[in-house]
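The structure under discussion appears below in the form of structure tokens.
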Amino acid sequence: MFTQKLDALTDYKNSVSMASEILKNGGIVAVPTETVYGLCASAYSDSAIKSVFDAKGRPQDNPLIVHISNLDMLNYVARDIPDIAYKCAKEFWPGPFTMILPRGEKIAESVSAGLDTVAVRFPSEKTICDIITESGLPLAAPSANTSGKPSPTSAQHVISDLDGKIDAVVMGKDCSVGVESTVVSLVGETPRLLRPGAVTPKKLRLVLGDLVIDDAVLNQLKSGEKASSPGMKYKHYAPKTDAFLVSGCSNGFVNFVNSKDDCAAVCFDEEYYGINVPKISYGSKYDELSLAQNVFSVLRKVDTLGVKQVYIHAPSKDGVGLAVYNRLIRACAFRVIEL
Ligand code: TXA
Ligand code: MG
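Going left to right, the sequence shown walks through residues 36 to 374 as our numbering numbers them.
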């Protein structure tokens with residue numbers, strides 16, 4: 036398949052209308068959002084959804100998020116919407132926040148991979164919102180990467196994974212948030228955080244009051260345990276290089292990596308000049324937003340360093356740091372070295 040490259044930076048209007056046309060005809064298109072690039076398909080079309088699963092090599096039991104561009108669309112996507120959902124919408128939409136609700140009848144069953152619930156998000160990035168509005172379709176969109184690889188935060192990441200497998204890529208700016216949306220389930224007794232993102236537990240509790248942090252946010256599922264969010268059980272985000280998360284102070288981390296052979300370090304800006312092995316910084320240790328913005332592109336760069344092992348300095352689990360930690364612990368297959 037030939038993948039069209041639609042240059043939204045130089046020809047925005049045309050890119051939006053071409054993307055909308057392809058989607059209305061049942062095609063699949065990668066589009067930038069504020070979190071990561073998404074691989075979009077009509078949420079009404081089982082066959083378009085199947086193409087998304089095929090292009091990504093995504094496990095069939097891992098459901099997709101449906102994206103909307105105004106609050107009225109929520110009624111098409113979900114049913115029995117509780118008041119708390121409207122409160123969340125008011126506070127966190129448009130933005131990097133996804134809620135799980137009972138699934139509306141019109142949404143293709145394959146979107147939810149057999150569940151009776153649906154994940155919904157109203158993004159803040161203009162490009163995807165304009166495409167939803169112009170096509171008139173709620174768009175199901177997982178991250179536009181090959182399943183298992185780091186999520187794509189630039190058009191180039193999408194092309195390197197999916198060129199020749201999808202109809203088009205809307206080539207826009209790099210993503211400003213850099214990690215995927217916060218996912219909260221509102222279908223159980225108490226709201227439950229399934230995936231941390233830029234909307235932090237502290238912000239969520241101000242609106243929700245009670246919030247349970249699902250075990251899978253920081254821990255590996257035990258064998259046989261059922262995942263509240265199917266996506267949490269898969270190996271994710273991993274570079275090809277053998278990766279380990281290292282937890283400890285800056286001095287400890289620098290001494291640790293300098294004592295190792297045939298390895299690279301993913302470190303903070305503050306540590307960069309003290310390290311004698313191949314190294315990449317993913318931002319300042321004092322600035323979790325910078326770490327979030329860079330984490331996925333750094334995980335992709337690790338494989339270009341030509342080393343056997345990579346040691347990644349763990350961020351704090353505070354604020355947006357929790358989201359970065361959640362992605363990195365998966366990239367490292369839950370192997371954490373405590374210094
Ligand atoms: O920021 C984002 O959320 C990006 C952009 C493109 O919007 N999308 C994204 O999609 O990260 P994806 O497919 O990579 O991750 C969706 C996550 C998965 O962990 C999936 O299991 C979970 O949401 N999910 C989707 N529907 C669900 C449902 N009905 N119940 C529980 N978890 C659900
Ligand atoms: Mg993903």
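Every residue, glycine too, gets a C-beta built ideally from N, C-alpha and C.
Tell me the rounded alpha-carbon separation between residue i and residue j.
i      : j      : result
MET159 : LEU41  : With the sequence shown as reference, residue 159 is identified as Ser, and Met is not the correct amino acid for it. Their Cα atoms are separated by approximately 20 Å.
ALA78  : ARG156 : 13 Å
PHE369 : ILE135 : 26 Å
LYS85  : GLY183 : 18 Å
ALA273 : ASP151 : 30 Å
ILE167 : ASP322 : 33 Å
MET108 : ILE372 : 46 Å
ALA358 : ALA233 : 7 Å
ALA349 : GLY223 : 32 Å
ASP297 : VAL312 : 8 Å
CYS200 : VAL214 : Per the sequence shown, the amino acid found at residue 200 is Lys instead of Cys. Rounded to whole angstroms, LYS200 to VAL214 spans 24 Å at the Cα level.
ILE116 : SER285 : 47 Å
LYS275 : GLY207 : 27 Å
SER80  : ARG138 : 15 Å
TYR317 : GLN328 : 8 Å
GLY73  : CYS210 : 11 Å
Since residue i sits in a beta bridge, which residues does DSSP pair it with?
i      : result
LEU74  : ALA65
GLN39  : ALA203
PHE132 : THR217
PRO137 : THR152
ALA113 : ARG138
Check residue i in the structure and name its three-state DSSP category.
i      : result
LEU229 : strand
ALA262 : coil
ILE119 : helix
VAL146 : helix
THR152 : strand
VAL87  : helix
ILE103 : coil
VAL342 : coil
For residue i and chain B, any beta-carbon pair shorter than 8 Å?
i      : result
GLU260 : No chain B is present in this structure, which holds just one protein chain.
Runs of beta strand (DSSP E) wholly within the stretch 345-373 (minimum 3 residues, chain order) = 371-373
query = Contact between the stretch 284-296 and the stretch 351-363: three or more CB pairs below 8 Å?
reply = no
task = With a floor of 4 residues, list each alpha helix (DSSP H) that falls wholly inside the stretch 157-215, ordered by position along the chain.
result = 161-170 and 190-197
key: Touching by the beta-carbon criterion (3+ pairs, under 8 Å), the stretch 168-184 and the stretch 252-260   = no
ask   = If we count Cβ pairs, one from each stretch, closer than 8 Å, do we get three or more for the stretch 139-150 versus the stretch 56-73?
value = Fewer than three pairs of CB atoms, one per stretch, sit closer than 8 Å, so the stretch 139-150 makes no contact with the stretch 56-73.
query = Going along the chain, which unbroken runs of the alpha helix (DSSP H) with 4 or more residues stay wholly within the stretch 266-327?
reply = 285-293
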